[in-house]
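Going by the working numbering, the first residue of the sequence shown is number 4, and it counts up by one from there.
Note that CB positions come from ideal geometry on N, CA and C, so glycine has one too.
All values reported here derive from a predicted model rather than from experimental measurement.
Report on the structure given below.
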Amino acid sequence: MVYFSDDCDVLGIRFDNWKIVFMEQRAQGTLGLWAEPFTALRLPKLFNLRTDPFERADITSNTYWDWFLDHDYIAIYGTFITSQFLETFKEFPPRQEPASFTIDHAVAKLHAFLAKD
């Protein structure tokens, strides 16, 4: 399973007991989180959903990164799976751009209109 944001960013993947997170929402759970961007991680986070179903080990465990180093091969495999999935977009490209919650599209149309003159 591949997790996408509303902007079509790949946030993470899940396979078997594992979830790999590439981007995360760091705002706390109020409506205000919709105003905040996702943070791209330089190193993906790894969770075993059977032993950590709430994905909190990186916050609550002093040994998360030791555990991560013992299981980093799973993150590498997950990155390979994600790459294979993204390759399918060459043959089957997205049909439309993702929706935007900003005025970027309106500003682009305005600039295009003004450039005609």
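Inset, instruction - With hydrogens ignored, establish whether the beta-carbon of THR91 is closer than 7 Å to any heavy atom of the ligand NAP. - result: Within the structure as shown, the ligand NAP is missing, as the structure has no ligands at all.
Legend entry - Burial state of ILE79 (16 or more Cβ within 10 Å): Your numbering for residue 79 matches position 76 in the sequence shown. So ILE79 counts as exposed.
Inset, instruction - Inspect the CB distances between the region 15-28 and the region 109-120 and report whether three or more fall short of 8 Å. - result: no
Inset, instruction - Can you say whether VAL24 is buried or exposed, counting buried as having 16 or more other CB atoms within 10 angstroms of its CB? - result: In the sequence shown, residue 24 corresponds to position 21, counting from 1. Burial call: buried.
Inset, instruction - State yes or no: is the C-beta of GLU149 within less than 8 Å of the C-beta of LEU44? - result: For residue 149 there is no data in the structure shown, the boundaries of the chain being 4 and 120.
Legend entry - Status (buried if at least 16 other CB within 10 Å, exposed otherwise) for PHE83: Locating residue 83 in the sequence shown gives position 80, counting from the first residue. That one is exposed.
Inset, instruction - Can you give me the start and stop residues for the beta strand (DSSP E) that GLU58 sits inside? - result: For the purposes of this step, residue 58 is identified with residue 55 of the sequence shown, where counting begins at 1. From DSSP, GLU58 is part of no beta strand (DSSP E); its letter is neither H nor E.
Inset, instruction - Determine the direct distance from the alpha carbon of THR85 to that of PHE92, and round the result to whole angstroms. - result: Numbered from 1 along the sequence shown, position 89 holds the residue referred to as residue 92. Numbered from 1 along the sequence shown, position 82 holds the residue referred to as residue 85. Each residue's Cα considered, the two are about 12 Å apart.
Legend entry - THR123: first and last residue of the uninterrupted alpha helix (DSSP H) it sits in: Examination of residue 123 is not possible in this model, given that the chain is present from 4 through 120 alone.
Legend entry - Neighbourhood of ASP9 by C-beta distance below 8 Å, restricted to the same chain and skipping five residues each side: Start at 1 with the first residue of the sequence shown, and residue 9 comes out as number 6. If we look at ASP9 and ignore the five residues flanking it on each side, its Cβ neighbours are PRO101, ALA102 and PHE104.
Legend entry - Sequence-distant residues of its chain with Cβ nearer than 7 Å to GLY15 (five each side left out): Numbered from its first residue, the sequence shown carries residue 15 at position 12. Correct list, in chain order: TYR6, LYS22, ILE23, VAL24 and PHE25.
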